[in-house]
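Report on the following structure.
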Amino acid sequence: MVAEESVRVVRCGGSELNFRRAVFSADSKYIFCVSGDFVKVHSTATEECVHILQGHRNLVTGIQLNPHNHLQLYSCSFDGTIKLWDYVDGILIKTFVVGHKLHALFTVTCAEDSVFVIINKGKQDIFQLVSVKLPKSSSQEIEAKELSCVLDYINQSPKCIAFGNEVCAAVRDFYLSVYFFKKKTTSRFTLSSSRNKKHAKNNFTCVACHPKEDCIATGHKDGKIRLWRNFDDDKKYTYTCLHWHHDMVMDLAFSVTGTSLLSGGRESVLVEWRDATEKNKEFLPRLGATIEHISVSPAGDLFCTSHSDNKIIVIHRNLEASAVIQGLVKDSNIFTGLMVDPRTKALVLNGKPGHLQFYSLQHDKQLYNLDIIQQEYINDYGLIQIELTKAAFGCYGNWLATVEQRQEKETELELQMKLWMYNKKTQGFVLNTKVNMPHEDHITALCFCNAEKSETPTLVTASKDGHFKVWILTDDSDIYKKAVAWTCDFVGSYHKYQATNCCFSEDGSLLAVSFEEIVTIWDSETWELKCTFCQRAGKIRHLCFGRLTCSKYLLGATENGILCCWNLLSCALEWSTKLNVRVMEPDPNSENIAAVSQSSVGSDLFVFKPSEPRPLYIQKNISREEVQWGVFVPRDVPESFTSEAYQWLNRSQFYFLTKSQSLLTFSTKSPEEKLTPTSKQLLAEESLPTTPFYFILGKHREKQDEKINKAFESELVQLPLTENIPAISELLHTPAHVLPSASLLCSKFVNSLLLSKETKSDEETLEDTDTEEEKESDDSDEENDFTEKILDTNNTDLGEDLLYQLSKSEEKELRKFRKVDYSWITAL
Amino acid sequence: MGEFKVHRVRFFNYVPSGIRCVAYNNQSNRLAVSRTDGTVEIYNLSANYFQEKFFPGHESRGTEALCWAKGQRLFSAGLNGEIIEYDLQALNIKYAIDAFGGPIWSMAVSPCGSQLLVGCEDGSVKLLQITPDKIQFERNFDRQKRSAVHKMLVDRQYMGVSKRKCIIWGVAFLSDGTVISVDSAGKVQFWDSATGTLVKNHLIANADVQSIAVSDQEDSFVVGTAEGTVFHFQLVSVTSSSSEKQWVRTKPFQHHTHDVRAVAHSPTALISGGTDTHLVIRPLMEKVEVKNYDAALRKITFPHRRLISCSKKRHLLLFQFAHHLELWRLGSTVATGKNGDTLPLSKDADHLLHLKAKGPENIICSCISPCGSWIAYSTTSRFFLYRLNYERDNLSLQRVSKMPAFLRSALQILFSEDSTKLFVASNQGSLHIIRLLEGSFKHLHTFQPQSGTVESMCLLAVSPDGNWLAASGTSAGVHVYNVKHLKLHCTVPAYNFPVTALAIAPSTNNLVIAHSDQQVFEYSIPEKKYTEWSRTIQKQGFHYLWLQRDTPITHISFHPKRPMHILLHDAYMFCIIDKSLPLPNDKTLLYNPLPPTNESDVIRRRTAHAFKISKIYKPLLFMDLLDERTLVAVERPLDDIIAQLPPPIKKKKFGT
């Protein structure tokens, strides 16, 4: 079992895939992208993550293929190291310790044993491009301290540096610097930067070098692309302008042969300029979000674009998108909070504008996007968009309720509530009911009754207009079709106070609605007010019932920093404490409740049971930032921490989202152990495209094959055997120079592979009987079948040697013996 | 500086005609520009792009091709089927020869400059030999049934038009065998002449590409499109190490709104002109050695000569158009106001007279006498003099007939201040003085040109007392004649740059001369030497911003009561030079705004310098003093000119 180390806060995926340009492998089979402290290796054909290269202790800031060995990958990080990986096996080969914080990495074919990195020297924004000599040594960790400056005062973004034929181009503000490796000189070309309207947006944003010709392409803030030529002459340099983008050019890339130039920007359109002429261009529109990076595969058959919504699109040479690698979308405000889809166990939150994203925590990828608002998103500054503000799952994931709103002026509120039903056939949510203006004012809370016994799904919405409404599912059939729809069942209010929170008890018998400072308890059967609690300690911010054994408690956190616990049986305050609660989340699988409090230093986590006055676990300073949302995600396989402090982590895991939108969780494992088991298993098959789908299906097939082959001659029995035959392994492992001549070995070798005829028939019968015996038990434990089988055959293999020495009479006897029905044994 | 009441005249409805051809002569650094009305203008690029000479147009002589040959001989060919050679000294047409092939569409000169090739309407191409004083027909190439590419191969520099769906508007043949063609589909194509195959294709416009010009080094060329864009193509090496070179389109220039009908490529600049009447000279920064005013973009719209004359006494303005004259009386006002106020008119300006010129020729020059009772104008072949009679509001016009035979054509006409004498500069270089009487005239004297020179005088100035006459040609110095004694008084030493404006000051009889490099000289005629002020300013030098002005000074006048003031203007500013004030040096502000009134007198005096410049009126075509307190300024806003042109090709503009 896992050694119980201290609980640490770890980043759990959802990192920016679009932080740096993605890199293709030489054969375009794999695509590499940075992801937080890791480098991810994805298959370009299946989008699946094949390996995660982990080892850096800080953000990975650059990846490049080793120009001298295309099966190796260099990566650099803020932790000051350059690491060399074997990406096929996912093995770290070497670590070069540079010492400085490395901001970007470049490799050049002509540079024999050095790479180029961007480092920060001295002041805050003074960056240098330096070449680092990588010393040749067999040891794992090597110091690389031999730095020589190439260009000074450059932009820290790697998009602003490009390497061409014996030149290095760097752009910053209004000038382009070109360093000539041969002459060891730098030329600088400056554009007009005057404040007038025409030139004010002349800033350089990115640069790319033509792979064959002396041509540098630069992107500019006003959307222009300039192609510089003749730049080895300070006077006779010239440039051509290409203008299509109306906003900043975000990235540029030349195709491998240099015949076309790719550009992208906020328009979310990939533009291919053929022959670098203005009139000859092709577009790939509607890519969804701002193009941040463009890269080109060395083989020339694929492009890829990284987008601001944390997605990488692999694009064919003929401008057809072929694969999408989607991470956690982070570029919008999270209004819905964190939720867990009960079906997929995926984390659900706001995604793209107007969408709800389903994000798999296990695989660190987006499962799918649900378009809630279903309107074209117009990307323009100053437009007031429809916002998806609330969402809730109900009835074990069968229903999804969403609320969207748009408020242009104080008095004009557009509000819409949508209810989505899960369709088993299409495996997705289908819009069932749309309610226009469900309330007169903002909806503050939304909750389903998740009790097992409730026969009709029930939804409660609380609003600032002073009402809470109960919505139930009713029959909406007519002569054309059978249908169900949601309708309002009850409207409740309390002294015209604003309803701020609502919450069902675990069994669904009680509904708690908070009206500013007052908590009201309603009977969910009759919708009558049972009792009220009022503590006069400020407006209630969070409200939740205890679970399981603690279901008699109701917890409320107020704005004034008081956490109250009421006993529903005695209708009295059980306890209260001073705690400025930002997030309060009950664990669905236990009585535990997690509360995150905010102080001036940072956020602290408290895990407690409502019945106990003492918290189970306290971790101070889990994050320096404000924690915005948190959620308990049930574990697939429960852990078994024995220590009392960690028991709350046994059945669920707590995830939280900070203000800067980093998704964090608690882990006791050391980073080395965190390698997901699936990625290790995937190493098994190299020849076939490795996808989990294949893995599952392939395993399944093998099982089926086995069953079939058991009756007939079993190929499967022999094939894995070849590895185990000692003669072969001996032959393969003996050095060639000590082996006897091949003619001598041949007959012996072939013999060792052969099975004599009679033993074979023996074996067949043996097999027959075996399978007959085992058939019944087989069905029960399929899981272990495969391994057992191998063991079985090994046994027969050994038996074979024994049998060989038996006489024919003895054999016959044995055969008879075998034919005896031993099925009675199983009955025992 | 003083306050003036200004007549701001905007009813001069002048529209320059569109540019048809542009030809650059490397030897003399001059540019010949032909316009759609047949006018040919010569610009001296060394002399600050001054329009030195012009040949008036002719209704039936549309110029289609223009080229320099044999050094500095200028030929043009047009739709009347004639090839014309111009006399650049005498400023007239040397001869016209019919090519006998119908209208001529194109003309080219052989690289050595000794042969002329014309493409005619009937499809024939005619080769002409240029002899020292004429051209001679040599041979005729008939229409061939081979492809255009091969035709070009035979003819070397044939600029042809083929009548197909896609019209080739121009071709260029490079010495390495590459043929570049521009066509109506917006393409620039590179052909290999040896194989006749297409090498490269640049689609640059959605409309026609109408013109092409290659530099002498054949490392860059320029094309003009019907969208008003001019594209520059350069031959750049593919990599620094290899010798392989490729043509790339580098910079687009959008200085025109309409079709660019003609382009030229000088060693340091791209020159383009088109239907929107602008001549644009765009210097190539990489070819310019020092960043002086030569490195600035030039846009020449208006002729550098006077089209307007003014009768001070009667407040009349005479506007000269290509084929007619207009006489206007200025409006008047009784209102008064503060500085900067616009005064309401009590009487609107009157269009008194519309005088249509006789014959197909353009008017060369015109003048109205200061008293307003005489109008004179001249075409290439005839001279007209009219007498105006004012009877209250009625105006009667009477032509003075029987002009003497020697008064056939004039380059410049001037009346004396008292309107009793008429001075005519004829195109033979002679100056005629004519005495005007009521309804008749009398020839007084003719100053013959200096022996050996045939240069025509094109600028005249007479002293207000009528004693002195100054005349200047295009290059030689200014001659000053004594009108009383009818003899040459003196000659102002010649200066490197042509004279753009001349005037003689009242009372002192100082001759003020402005040159195209913005230098202003003051020469005392009685003392036959430069004045002290002129010497001082030459010693100290003009302010650098003054020297960087790019339009020539076209008019100089004087204030009758303030002898220290010289009034002059160019197209974008009006300046009063106060000789009593200190001269500005390079550190002082040249274009000083009017000093605020609350500032103390000391500071104002310290910052004050001799040049008082006003840029309120632009483009300014004419400015003169009517009386002590009244100025007349004639403006011609560019928007008004564009409004009168045909609409340009509509282009979708992003965001509209």
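Top to bottom, those sequences are chains A and B.
First residue of the first sequence? That's 251 in this note's numbering, and the numbers climb one at a time after it.
First residue of the second sequence? That's -1 in this note's numbering, and the numbers climb one at a time after it.
Every residue, glycine too, gets a C-beta built ideally from N, C-alpha and C.
As the structure is a computational prediction, the values presented were derived from the model and not from experiment.
Worksheet item: Run through DSSP, which three-state label would Met498 of chain A get?
Response: In the first sequence, the residue the question calls residue 498 of chain A occupies position 248. Coil at Met498 of chain A, not helix or strand.
Worksheet entry | Test: Ala146 of chain B CB closer than 7 Å to a CB of chain A | Counting from one through the second sequence, the residue named residue 146 of chain B turns up at place 148. Only weak support exists for where Ala146 of chain B lies, its pLDDT of 41 falling under 50; the value from the coordinates is given anyway. No - not a single Cβ of chain A is within 7 Å of the one on Ala146 of chain B.
Worksheet item: Measuring CB to CB, does Thr588 of chain A end up less than 7 Å from Ala526 of chain A?
Response: Along the first sequence, read from residue 1 onward, the residue named residue 588 of chain A stands at position 338. Along the first sequence, read from residue 1 onward, the residue named residue 526 of chain A stands at position 276. Position check: residue 588 of chain A holds Leu in this sequence, whereas Thr was assumed. Inclusion of Leu588 of chain A and Ala526 of chain A in the CB contact set at 7 Å is not warranted, their separation being larger than that value.
Worksheet entry | Integer Cβ distance of His1079 of chain A from His745 of chain A, believed to fall under 8 Å | A query on residue 1079 of chain A cannot be resolved here, the shown segment of chain A reaching from 251 to 1078 and no further.
Discussion item. Residues of the region 247 to 273 of chain B in Cβ contact with chain A at a cutoff of 9 Å, in chain order, please.
Written reply: Taking 9 Å as the Cβ-Cβ cut-off, the region 247 to 273 of chain B approaches chain A at Arg247, Thr248, Lys249, Pro250, given in chain order.
Discussion item. So, for Asn1045 of chain A: in the same chain, excluding its five sequence neighbours on each side, which residues have a beta-carbon less than 6 Å away from its beta-carbon?
Written reply: Sequence index remark: in the first sequence, residue 1045 of chain A carries index 795 (1-based). The predicted position of Asn1045 of chain A is uncertain, since its pLDDT is 45 and thus under 50; a value taken from the coordinates is nonetheless stated next. Cβ neighbours of Asn1045 of chain A beyond the five flanking positions: none.
Discussion item. Let me confirm a value: Pro109 of chain B is counted as buried when at least 16 other C-beta atoms fall within 10 Å, else exposed. Which label applies?
Written reply: In the second sequence, residue 109 of chain B corresponds to position 111, counting from 1. Exposed is the call here.
Item to complete: Determine whether the Cβ of Val7 of chain B lies closer than 7 Å to any Cβ atom of chain A.
Response: Here the question's residue 7 of chain B lines up with position 9 in the second sequence. Using beta-carbon distances, Val7 of chain B does not count as an interface residue toward chain A, since no partner is under 7 Å.
Worksheet item: Ordered along the chain, which non-local residues of its own chain (more than five positions away) have a Cβ less than 8 Å from that of Asp375 of chain A?
Response: As a position in the first sequence, residue 375 of chain A is number 125, starting the count at 1. Closer than 8 Å at Cβ, skipping near neighbours: Gln406.
Worksheet item: Arg479 of chain A CB to nearest chain B CB: under 7 Å?
Response: One-based indexing of the first sequence puts residue 479 of chain A at position 229. For Arg479 of chain A, the answer is yes, since a Cβ of chain B falls inside 7 Å of its Cβ.
Fill in: Proximity test, Cβ basis, 7 Å: Lys529 of chain A and chain B
Reading the first sequence from its first residue, position 279 is the one you call residue 529 of chain A. Chain B contact via Cβ: present.
Worksheet entry | Ordered list of alpha helix (DSSP H) runs contained in the region 219 to 267 of chain B, each at least 4 residues | Within the region 219 to 267 of chain B, no complete alpha helix (DSSP H) run reaches 4 residues.
Item to complete: Quick one: residues in its chain with C-beta nearer than 7 Å to the C-beta of Leu779 of chain A, no 5 flanking neighbours on either side, listed in chain order?
Response: For the purposes of this step, residue 779 of chain A is taken as the residue at position 529 of the first sequence. Thr770, Trp772.
Worksheet item: For the putative contact between Ala501 of chain B and Ser555 of chain B, defined by C-beta atoms under 8 Å, what is the C-beta separation to the nearest angstrom?
Response: Locating residue 501 of chain B in the second sequence gives position 503, where the first residue counts as 1. Locating residue 555 of chain B in the second sequence gives position 557, where the first residue counts as 1. Cβ-Cβ separation between Ala501 of chain B and Ser555 of chain B: approximately 6 Å, consistent with a contact (criterion under 8 Å).
Practice prompt. For Ile202 of chain B, go through chain A and note every residue whose CB falls closer than 9 Å to its CB, in chain order.
Written response: Mapped onto the second sequence, residue 202 of chain B falls at position 204. The answer, in chain order, is Thr527, Glu528, Lys529.
Worksheet entry | C-alpha gap between Ser514 of chain B and Asn453 of chain A, whole angstroms | Within the second sequence, numbered from 1, the residue matching residue 514 of chain B stands at position 516. Within the first sequence, numbered from 1, the residue matching residue 453 of chain A stands at position 203. Roughly 40 Å between the two C-alpha positions.
Practice prompt. Tell me the start and end of each unbroken beta strand (DSSP E) in the region 98 to 133 of chain B that is at least 3 residues and wholly inside, in chain order.
Written response: Counting only runs of 3 or more, we get 102 to 107, 113 to 118, 123 to 128.
Practice prompt. Would you mind giving the Cβ-Cβ distance between Leu429 of chain B and Phe421 of chain B, rounded to the nearest angstrom? I have them listed as a contact below 8 Å.
Written response: Translated into positions along the second sequence, residue 429 of chain B becomes position 431. Translated into positions along the second sequence, residue 421 of chain B becomes position 423. That belief holds up - the Cβ atoms of Leu429 of chain B and Phe421 of chain B are roughly 7 Å apart, short of 8 Å.
Worksheet item: Which residues share a DSSP beta bridge with Pro80 of chain B?
Response: In the second sequence, the residue the question calls residue 80 of chain B occupies position 82. In the sequence on display, residue 80 of chain B carries Glu and not Pro. Answer by DSSP bridge pairing, in chain order: B:Asp96.
Worksheet entry | Arg533 of chain B: first and last residue of the uninterrupted alpha helix (DSSP H) it sits in | Stepping through the second sequence from its first residue, residue 533 of chain B is reached at position 535. Where Arg533 of chain B is concerned, the enclosing alpha helix (DSSP H) stretches over 530 to 538.
Worksheet item: When the Cα atoms are used, what is the spatial distance from Leu125 of chain B to Arg71 of chain B?
Response: Translated into the one-based positions of the second sequence, residue 125 of chain B becomes position 127. Translated into the one-based positions of the second sequence, residue 71 of chain B becomes position 73. Roughly 17 Å between the two C-alpha positions.
Item to complete: Quick one: residues in its chain with C-beta nearer than 8 Å to the C-beta of Gln538 of chain B, no 5 flanking neighbours on either side, listed in chain order?
Response: Here residue 538 of chain B corresponds to residue number 540 of the second sequence, with the count starting at 1. Excluding sequence neighbours, Gln538 of chain B sits near Leu581, Asn583.
Discussion item. Tell me which residues share the same chain as Arg885 of chain A and place their Cβ nearer than 7 Å to its Cβ, disregarding the 5 neighbours each side in the sequence.
Written reply: Within the first sequence, the letter at position 635 stands for residue 885 of chain A. Only Arg901, Ser902, Gln903 meet the Cβ criterion.
Discussion item. As a quick exercise: from A:Asp484, A:Lys434, A:Gly473, pick the residue whose alpha carbon is nearest that of Glu416 of chain A.
Written reply: What you label residue 416 of chain A is simply residue 166 of the first sequence in a count that begins at 1. Ranked by Cα distance from Glu416 of chain A, the options A:Asp484, A:Lys434, A:Gly473 are led by A:Lys434.
Worksheet item: Cβ of Lys485 of chain A less than 7 Å from any chain B Cβ?
Response: The residue you call residue 485 of chain A lines up with position 235 of the first sequence. It does: the Cβ of Lys485 of chain A has a partner Cβ on chain B nearer than 7 Å.
Worksheet entry | Under 7 Å from the C-beta of Thr237 of chain B: neighbouring residues of chain A | Here residue 237 of chain B corresponds to residue number 239 of the second sequence, with the count starting at 1. Among the residues of chain A, those whose CB is under 7 Å from the CB of Thr237 of chain B are Asn415, Glu463, Asp464, following chain order.
Discussion item. Quick check on Trp670 of chain A: does DSSP put it in helix, strand or coil?
Written reply: Indexing the first sequence from 1 puts residue 670 of chain A at position 420. In this structure, DSSP gives Trp670 of chain A an extended state, which the three-state scheme calls strand.
Worksheet item: With distances taken between CB atoms, is the gap from Leu64 of chain B to Cys19 of chain B smaller than 7 Å?
Response: Numbered from its first residue, the second sequence carries residue 64 of chain B at position 66. Numbered from its first residue, the second sequence carries residue 19 of chain B at position 21. Yes.
Worksheet entry | C-beta neighbour in chain B for Thr359 of chain A, strict 7 Å | Against the first sequence, residue 359 of chain A aligns to sequence position 109. No - not a single Cβ of chain B is within 7 Å of the one on Thr359 of chain A.
Worksheet entry | As assigned by DSSP and simplified to three states, the class of Asp767 of chain A | Counting from 1 along the first sequence, the entry for residue 767 of chain A is found at position 517. For clarity, residue 767 of chain A is Glu in the given sequence; the question names Asp instead. Coil, per DSSP.
Discussion item. Excluding the 5 residues flanking Trp531 of chain B on each side, which residues of the same chain have their C-beta closer than 8 Å to its C-beta?
Written reply: Residue numbering aside, residue 531 of chain B sits at position 533 when the second sequence is read from its first letter. The residues are Glu520, Lys577.
Worksheet item: Using 8 Å as the threshold, is the region 370 to 385 of chain B in touch with the region 338 to 358 of chain B, meaning 3 or more CB pairs across them?
Response: Because the criterion of three Cβ pairs below 8 Å is met, the region 370 to 385 of chain B and the region 338 to 358 of chain B touch.
Practice prompt. Within the same chain, show all residues whose beta-carbon is closer than 7 Å to that of Phe356 of chain A, passing over the 5 residues directly before and after it, in chain order.
Written response: Working through the first sequence from its first residue, we reach residue 356 of chain A at position 106. Excluding five sequence positions before and after Phe356 of chain A, the CB atoms of its chain that fall closer than 7 Å to its own CB belong to Gln314, Val365, Phe366, Ile411, Phe413, given in chain order.
Fill in: Residue-level contact to chain A via CB, Glu284 of chain B, 7 Å cutoff
The residue given as residue 284 of chain B occupies position 286 in the second sequence. Look at Glu284 of chain B: its C-beta is under 7 Å from a C-beta on chain A.
Worksheet item: In three-state terms, what does DSSP make of Thr552 of chain B?
Response: The residue given as residue 552 of chain B occupies position 554 in the second sequence. It is coil, neither helix nor strand.
Item to complete: Note down, in chain order, every chain A residue with its Cβ under 7 Å from the Cβ of Phe652 of chain B.
Response: Counting from one through the second sequence, the residue named residue 652 of chain B turns up at place 654. Those within 7 Å of Phe652 of chain B in chain A are His496.
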